[in-house]
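Each residue of the sequence shown is one higher than the one before, counting from 1430 in the numbering used here. Glycine is no exception: its CB is placed at the ideal position from the N, C-alpha and C atoms.
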Amino acid sequence: MKKALRFHIDVLHPERCIGCYSCVYACSRHLFNTIDPSRVAVFVRLNGTIANPFSVIACRFCKSPECAFACPTKALQPLPEGGITLIASRCEGCKTFDCISACAIEALALDRRTKLPIICDRCGDCAKYCPHNIFRYEEMK
1430 MKKALRFHID
1440 VLHPERCIGC
1450 YSCVYACSRH
1460 LFNTIDPSRV
1470 AVFVRLNGTI
1480 ANPFSVIACR
1490 FCKSPECAFA
1500 CPTKALQPLP
1510 EGGITLIASR
1520 CEGCKTFDCI
1530 SACAIEALAL
1540 DRRTKLPIIC
1550 DRCGDCAKYC
1560 PHNIFRYEEM
1570 K
């Protein structure tokens, strides 16, 4: 997995999402070398409205990440530039789900196979493969 922590990803135009899942498939391919929409760090959700049928959810790289502070084993660690990193050896396989439920925008998910939280590594594949330019991917200053 390549490290791209000096980049930032924003969901700029969620209203453009048509639910094609290109970002989801690209994320799964990058993180796990597979196409599995349950193993991703970016999410497309159905809103159930005609005017705005889909939501795109991705980590906001909080400067003060509640998911990290909620982790009882300190497996999730805040990064100085925002967001989190995972120390897998500390993770107990989410026996409490505290980290998952602490994210206000529901941008953190549990990998059902490894029982570890799936962390966005800021690779930018979601932005690269989105045909509707929903994401902004840029180098942090």
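| field | Helix, strand or coil at Pro1560 according to DSSP, with G and I counted as helix | value | coil
| query | In chain order, what residues of the same chain have a beta carbon less than 8 Å from the beta carbon of Ser1493, not counting five sequence neighbours either side? | reply | Pro1507
| field | Secondary structure, alpha helix (DSSP H): runs of 4+ residues fully inside the region 1478–1530 | value | 1495–1499
| message | Check for me: the beta strand (DSSP E) holding His1437 runs from which residue to which? | response | Phe1436 to Val1440
| request: Using a threshold of 9 Å, state whether the C-beta atoms of Ala1504 and Cys1528 are closer than that. | output: With respect to the 9 Å criterion, Ala1504 and Cys1528 are classified as neighbours on the basis of their beta carbons.
| Does DSSP put Met1430 in a helix, in a strand, or in coil? | Caution applies to Met1430, whose pLDDT of 43 falls short of 50 and renders its modelled position unreliable; the value that the coordinates give is listed next. Met1430: coil per DSSP, three-state reduction.
| Going by beta carbon distance, what residues of the same chain come within less than 6 Å of Ala1428, once the five residues before and after it are set aside? | Absent from the model: residue 1428. The displayed extent of the chain is 1430 to 1570, so no value can be given.
| message | Taking the alpha helix (DSSP H) that Val1453 belongs to, which residues open and close that run? | response | Ser1451 to Phe1461
| Cβ neighbour criterion (16 or more within 10 Å) applied to Ala1455 | Around the C-beta of Ala1455, 16 or more other C-beta atoms lie within 10 Å, and the residue is accordingly described as buried.
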